[in-house]
Structure formats: C-alpha cells, structure tokens
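Beneath this line is the structure, given in structure tokens, with notes to follow.
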Amino acid sequence: MTSSKHIIDLKANRRFRRFALNTLISLYLVVVAGGVVRSTGSGMGCPDWPKCFGRWVPPTEASQLPANYKEIYGAKLKGEVEFNATKTWTEYVNRLVGAITGIIIFLMLLASIPFLKSGNKQIFFWSLGAFLLTGFQGWLGAKVVSFELHPLIVTVHMLLAIVIIFIVLYVFTWAGYVEKVITLREGSEKVLSGIGIAVMALSLFQILLGTQVREAMDVVIMRLGYGARSQWIDELGANFYIHRSFSILVFVVNAIWINRILKSGNKGTVAGKIAMACLWILIAEIATGIIMAYFGVPAFAQPIHLTFAILLIGLQFIVWLVVNGKKYLKYKGVAATAGSQF
1082 MTSSKHIIDL KANRRFRRFA LNTLISLYLV VVAGGVVRST GSGMGCPDWP KCFGRWVPPT
1142 EASQLPANYK EIYGAKLKGE VEFNATKTWT EYVNRLVGAI TGIIIFLMLL ASIPFLKSGN
1202 KQIFFWSLGA FLLTGFQGWL GAKVVSFELH PLIVTVHMLL AIVIIFIVLY VFTWAGYVEK
1262 VITLREGSEK VLSGIGIAVM ALSLFQILLG TQVREAMDVV IMRLGYGARS QWIDELGANF
1322 YIHRSFSILV FVVNAIWINR ILKSGNKGTV AGKIAMACLW ILIAEIATGI IMAYFGVPAF
1382 AQPIHLTFAI LLIGLQFIVW LVVNGKKYLK YKGVAATAGS QF
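What follows is the structure, given as structure tokens:
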C-alpha cells in the first residue's frame, strides 16, 4: 500500500502533465521554425545574437540600418550583403519561439515541484535537467550564429533538441502511466524492447544521415542559388542515395516492430494506437522525402520532413517506455484516484 508521503495530489499531477504537454508542443514548434529557417536559407538572417542587426526589434527595410551595414555584417552574411527582410524576420521568429519555449519549460519545472514530496521525485529532477539543457541550447544557438552555421554545431544543436524532447516525453509519460496502456504476452517484453531500441537507433541514424544530406545541399545552394531548386538533388553526392535507400530498412524494421506490438493484443490500447500513428507518420515522412527528391525540393516539404522525423522518434520512445513500464515508469500513486491517466 502506498504511504501518504508518496502520494501527489491529483490536481497537481494533471497540472504538471498539462504544462509538460504544452512544452512538447512548443518544442516541436521550435523544430518546425528551425526547419523553415534552414529551408529558406535564413540561418544568418540575423547576423548577430541576441540582437538582430544590433536591434531588439529587427528592421523591416534597409533604410533602418547604418549606411555601412554591409561592411559591418558582410563577413557573416556569406556574401549575401543585401538586407533581406523576409529572411531576417524568419530567423527572428525562430528565436522568439525558442524564447517562449524556455518560459514554458520553466513553468513545467515549477509544476513539477510537488513531486519532490512524492515517491516520484525523479520527475522533478528530470524536469530540472530539461530546463538546464534548454538554457544550454539557447547558448548553443548563439554559437550557431557566431560560428556561421558550422555543420557540426548545427548538428549538435539539433541532437540536443531531440534529447530535451525525450526528457519531456519521459516525464509526461511517467506522470500519466498506468499498466493498462499496453498488453504484454509472457516473454514478449524483452523482444519488443530490443526491437524498439533497434527502431530508435535506426531512426536516429537516419536523422543524422539527413543532416549530412542537408550539409551537402548547403554547399550546392551556395554554388547554384535558391533559384535552381530543381538541380539541387542531381548535384548531391553519395550521402543522399544512402539516406534514400536506408529509408527502406527503417520502414521494414518499424513494420516488424509495430506488427509484433499489435499481435500482442494491443490494437485497442494506447500503445497500439501510438504504434499505428508511428506507421502513418513514417509513411508521410517517406512521402515528403519523395516529394523533395522528384519535385525540386519545394521549401514547404523540408520543415515537414524534419518535423515528421523528430515526431516519429518521439512516439517510438513513448511506446518503448510503456513496453518497459514496470522498469522505468514505476509510479507511486496520486490522491483521490485509482491511478493516473495516460
């Protein structure tokens, strides 16, 4: 029987999960905004940080800049010394979304304080870790600018975003976990868990391959310009073809994993529904990849492609967590309820 000191108030639990969900939504909006920045070539739309062209509110036309702004910022604009209001504001909105996300994740941290007095105090410490990493992510964002979009810094920036998303997904799932979210046949837990690890590893590797393709594309864009989108794919090297072919393996392993989950009697469970969502998102992910490969890399497809990839690996992580719920999601209970609601 759970002692009173291990019990958290139901309202506090729901409040935390609401803030955690808002945090997840804002984190994925950051991913979308970052994808739009990359697809439109707006990464250096603001050549300084935290200000933009030395202003807290960016200019809307070149007349608002110093007469010698080309000399001041030209070195960081990679040859594009003409002020572009669209690119400037695209990058600025990206920064605003990031700043708002920092505020929301701080509110989630505050909402996690009641867990310190429960048997699930680790939820608070994981929330604190997510908040601190978000602060580090903001600092790293400044380095992305100061290092002029260095590929390694950009990749680390994206991987850290995935880590933060995973942490928030973990505490969100943990706070709402009940055993009925998944059905496990005897002896199936280890198999499903093992395949799940392989699925997430393959997805992460595919994302990293995608960053390599994007870096190669940046080189092509610098040479051909944004007006030659239809020629970009033809100019990419082996990384693109590896990335494209590797998607077949990713799909097959995902299909095997999802099929095993459903055959374990999970068609009507939360885990089964999320697993099916993974399948449809993976299909949509492949579809956006085909659109980019055969229809001239339209700008709208790039951020969608990236967002689907991060959303997919996040949902895979949730399913893997509930498969291993008895090990990683041991919840000590909430007051005035038979259990938390996933």
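Numbering-wise (our numbering), the sequence shown opens with residue 1082 and increments by one. Cβ coordinates follow ideal geometry from the N, Cα and C atoms, glycine included.
In angstroms, rounded to a whole number, what distance separates the CA positions of residue i and residue j?
i, j, result
"methionine 1298", "leucine 1240", "19 Å"
"isoleucine 1224", "isoleucine 1394", "What sits at residue 1224 in the sequence shown is lysine, not isoleucine. Roughly 26 Å separates the two Cα atoms."
"proline 1139", "asparagine 1175", "13 Å"
"aspartate 1090", "arginine 1266", "33 Å"
"methionine 1303", "threonine 1182", "32 Å"
"threonine 1404", "glutamate 1316", "In the sequence under discussion, the amino acid at residue 1404 is valine, which differs from the threonine named in the question. Between valine 1404 and glutamate 1316, the C-alpha separation is close to 43 Å."
"alanine 1382", "phenylalanine 1321", "16 Å"
"valine 1378", "alanine 1309", "10 Å"
"leucine 1213", "alanine 1148", "40 Å"
"glycine 1219", "serine 1107", "14 Å"
"glutamine 1145", "alanine 1336", "55 Å"
"glycine 1318", "methionine 1373", "15 Å"
"glycine 1160", "alanine 1358", "Because the pLDDT at glycine 1160 is just 48, under 50, the model does not fix this residue reliably, and the value given afterwards should be weighed accordingly. Roughly 44 Å between the two C-alpha positions."
"valine 1272", "glutamine 1203", "27 Å"
"phenylalanine 1196", "proline 1232", "39 Å"
"leucine 1190", "glycine 1306", "44 Å"
"serine 1326", "tyrosine 1150", "45 Å"
"leucine 1221", "valine 1244", "14 Å"
"isoleucine 1399", "glycine 1200", "22 Å"
"glycine 1115", "glycine 1126", "12 Å"
"leucine 1410", "alanine 1368", "35 Å"
"threonine 1141", "cysteine 1133", "11 Å"
"lysine 1168", "arginine 1119", "10 Å"
"phenylalanine 1286", "tyrosine 1154", "36 Å"
"tryptophan 1431", "asparagine 1094", "Since the displayed the chain opens at 1082 and closes at 1423, residue 1431 lies outside it and no answer follows."
"leucine 1110", "threonine 1215", "14 Å"
"leucine 1177", "isoleucine 1185", "12 Å"
"leucine 1343", "alanine 1166", "50 Å"
From the DSSP output, read off the bridge partner residues of residue i.
i, result
"arginine 1136", "Cys1133"
Mark residue i as exposed unless 16 or more other C-beta atoms lie within 10 angstroms of its C-beta, in which case mark it buried.
i, result
"proline 1131", "exposed"
"valine 1351", "buried"
"tyrosine 1375", "exposed"
"isoleucine 1371", "exposed"
"tryptophan 1401", "buried"
"lysine 1408", "exposed"
"isoleucine 1362", "buried"
"tryptophan 1137", "exposed"
"alanine 1180", "exposed"
"glycine 1122", "buried"
"isoleucine 1364", "exposed"
Within a Cβ cutoff of 8 Å, which residues of the same chain sit near residue i, ignoring the five residues on either side of it in sequence?
i, result
"serine 1269", "Arg1341 and Ser1345"
"alanine 1390", "Ser1284, Gln1287, Ile1288, Gly1291 and Glu1366"
"phenylalanine 1217", "Leu1241"
Suppose the cutoff is 7 Å on Cβ atoms and the five residues either side in sequence are ignored; what does the same chain contact list for residue i look like?
i, result
"tryptophan 1170", "Pro1139"
"isoleucine 1194", "Phe1205"
"valine 1249", "Ala1101, Thr1104, Leu1105, Leu1108 and Ala1211"
"valine 1117", "Thr1171 and Pro1384"
"valine 1301", "Trp1313, Glu1316 and Leu1317"
"glycine 1135", "Asp1129"
"lysine 1092", "none"
"serine 1311", "Gly1377"
Excluding sequence positions up to five away, which residues of its chain have a Cβ less than 6 Å from the Cβ of residue i?
i, result
"valine 1113", "Pro1384 and Thr1388"
"threonine 1236", "Thr1292"
"isoleucine 1314", "Ala1374"
"isoleucine 1276", "Trp1338"
"histidine 1238", "Leu1221 and Val1225"
Query raised in the report: Is it a yes or a no for the stretch 1280–1299 touching the stretch 1383–1393, going by three-plus beta-carbon pairs under 8 Å?
Result: yes
Report task. Say whether the stretch 1276–1284 touches the stretch 1326–1340, bearing in mind that this needs 3 or more beta-carbon pairs closer than 8 Å, one atom from each stretch. Result -> yes
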